[in-house]
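Residue numbers (my numbering): 5 to 636.
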């Protein structure tokens, strides 16, 4: 992610402008060439190549991109979320509203932040939003008479929060954010962009092969090359994957005292930004296995129909299918992969949230919390085939406080044509000069054009992403208001990495929510000099080896440039969710907070990555407690 300096801002604007001009320029050049009957002799070979590319660009635009865009923009939900019962919906709404109340405005005025445009908010506007948020349906498909009493209850509670009674009717000037039903908003990317992505993909594959990884791909000989654009020639040499849904890279695990790692990337250009971290992990301990899951729909690809079939390849599947694919992949790798450390970044943390909620559901099958999803079609054999994740590291997590609007707005609805310091009410009163040169928000332009407006990314988030299936609460991570709650003898540590200036995740709000206004033992180290320092922060709270993670040192040692904040939570704050000492439970062990960093920039330098490496080293080292997790 680029920064917010003037030269970066101008660079990203000029890059976007150049890319957006390629398609119309190609069409105009073809028309000019046809009309002028230009003499393409050998001395004008350069213009021949220009014409060839212009033809290729035009064919790509009208033969690939626009048909795919029309297909993906159809208002069809191929994968529906698991319906919630009335008890679950009411409990979910109550939890969302109560948490929002603890934050200052505008978050406290829940759910007003989910409404984008100004105008008088009326009753049917709120009903329309509630139907999306809690029922996953549109007004035309909803049995409103059956749900009337329940909806009236939500409306009354919202009116109490906003301080006035909603008028009947529908405000035509008011628009809410409804990801599943709003149009899929995309921006055209030229063929040369996808060729660049293909070159980076080949470079990434070469690096991974050099690091000892093997690529696995669904068994579609020769046709696999054409399953996604840009084409992936190296899939001709890939082994057959264990599932038709997930291609992946794997490095074998041979260590006897450390667990392997499973890494799930975020939205962007695939695995390329993570190569320095992966390479460092391999160099530190070549015996530790690493599984790299590839999510092609969020990696700037265009997924093409399988030859001879009308279905698209590798759409990110719904929750249970996604987890089944991940578990089957791990089980196919042998007994060494029955236990692992799960590392996830950004969108990948949504899949990690799927996993955490599944394990909570298995543990509390007989007494499920009302706001946890319950799958009535849950396979009875799920528990027996679940691989064990001995710890979790969630980097730039999107699942925490997902009921609040910032993540959805910042990624899908925010326009970079604005001064980020201005309020919504005055955005429309800026001149073009103010919109361009106030704020230097080059990072927002980069996110808007190269990520959120990507064809497959926008479709995935709009049609295959359901907030109530991936939202995580601090209770899910072992934090409880009861400081004297009993602790579990086996606890699964969870680490969270937050970037202070994250333009997607409301990092300060998440930090405040998790720390609870002083529950955490907080240490801040800051330096005025631009240098690297060794800092020791004492995080030890008790000497009980059974309630601390394996081989955790008595302090947190890290190298930093600038300021780094580390939070450790006292052991007394953790509770066993089912009050069974034999059952492992999740516990949020630490928060790594990087003030001043943007989303995904923690991977940019070796000094920033060092904190991640130290955490993963500790998490992957086995202990008596970890052995108990497997035996349980």
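Ideal placement from N, C-alpha and C gives every residue a C-beta, glycine not left out.
Given the structure is predicted, the values throughout are model-derived calculations rather than measurements.
When DSSP assignments are scanned along the stretch 214-250, the uninterrupted stretches of beta strand (DSSP E) that are 3 or more residues long and fall wholly within it turn out to be 218-221.
With the rule of 3 Cβ pairs closer than 8 Å, the stretch 139-152 does not count as touching the stretch 195-210. Scanning its chain for C-beta atoms nearer than 8 Å, with the 5 sequence neighbours on each side dropped, one finds no residue around residue 28. In terms of CA proximity to residue 163, 125 leads the group 125, 464, 139.
Residue 571 sits close to residue 515, with the two beta carbons spaced by under 9 Å.
DSSP places residue 152 in the helix class (H, G or I) of the three-state scheme. Note: residue 254 is bridge-paired with 218, 295 in the DSSP secondary-structure output. Under the DSSP definition of a beta bridge, residue 348 partners with 268, 398. Looking at 166, 149, 17, 591, the one whose alpha-carbon comes closest to that of residue 397 is 591. Closest in alpha carbon position to residue 448, among 481, 414, 599, is 414. For residue 276 and residue 465, the gap between their C-alpha atoms comes out near 21 Å. Distance from the CA atom of residue 131 to the CA atom of residue 91, rounded to whole angstroms, is 18 Å. For residue 590, no alpha helix (DSSP H) run applies; the uninterrupted beta strand (DSSP E) run containing it begins and ends at 589-598, by DSSP. Less than 9 Å divides the Cβ of residue 357 from the Cβ of residue 474.
By the neighbour-count criterion, in which a residue is buried when 16 or more other Cβ atoms sit within 10 angstroms of its Cβ, residue 304 is buried. Between the stretch 446-460 and the stretch 166-175 there are fewer than three C-beta pairs closer than 8 Å, too few to call the two in contact. By the Cβ test, the stretch 232-239 is not in contact with the stretch 263-275, since fewer than three Cβ pairs between them sit closer than 8 Å.
Around the beta carbon of residue 503, 16 or more other beta carbons sit within 10 angstroms, so the residue counts as buried. Residue range 495-503 is occupied by the beta strand (DSSP E) that includes residue 496.
Residue 626 places its beta carbon less than 9 Å from that of residue 261. Bounds of the alpha helix (DSSP H) holding residue 512 are 511-519. According to DSSP, residue 393 shares a beta bridge with 344. A direct Cα-to-Cα measurement between residue 16 and residue 209 gives close to 27 Å. By the neighbour-count criterion, in which 16 or more other beta carbons inside 10 Å mark a residue as buried, residue 597 falls on the buried side.
Annotation: the continuous alpha helix (DSSP H) that includes residue 446 extends over 446-451. Residue 65 and residue 477 have their C-alpha atoms spaced approximately 43 Å apart. Measuring C-alpha to C-alpha distances from residue 216 to each of 360, 287, 53, 50 identifies 287 as the nearest. Membership of residue 99 in the alpha helix (DSSP H) is indicated by the continuous run 90-105.
Residue 259 carries a coil assignment under DSSP once its states are collapsed to helix, strand and coil.
Here residue 610 carries a helix assignment [DSSP, helix/strand/coil]. Beyond the five residues adjoining it in sequence on each side, residue 128 comes within less than 7 Å, by CB distance, of 173, 174 in the same chain, given in chain order.
Between the stretch 245-254 and the stretch 328-342, the count of Cβ pairs shorter than 8 Å is three or higher; the stretches touch. Comparing C-alpha distances from residue 37 to each of 25, 23, 24, 54 shows the shortest one belongs to 54.
In the three-state scheme derived from DSSP, where H, G and I count as helix and E and B as strand, residue 307 is classed as strand.
Under the DSSP assignment, residue 20 falls in the alpha helix (DSSP H) whose first and last residues are 10-40.
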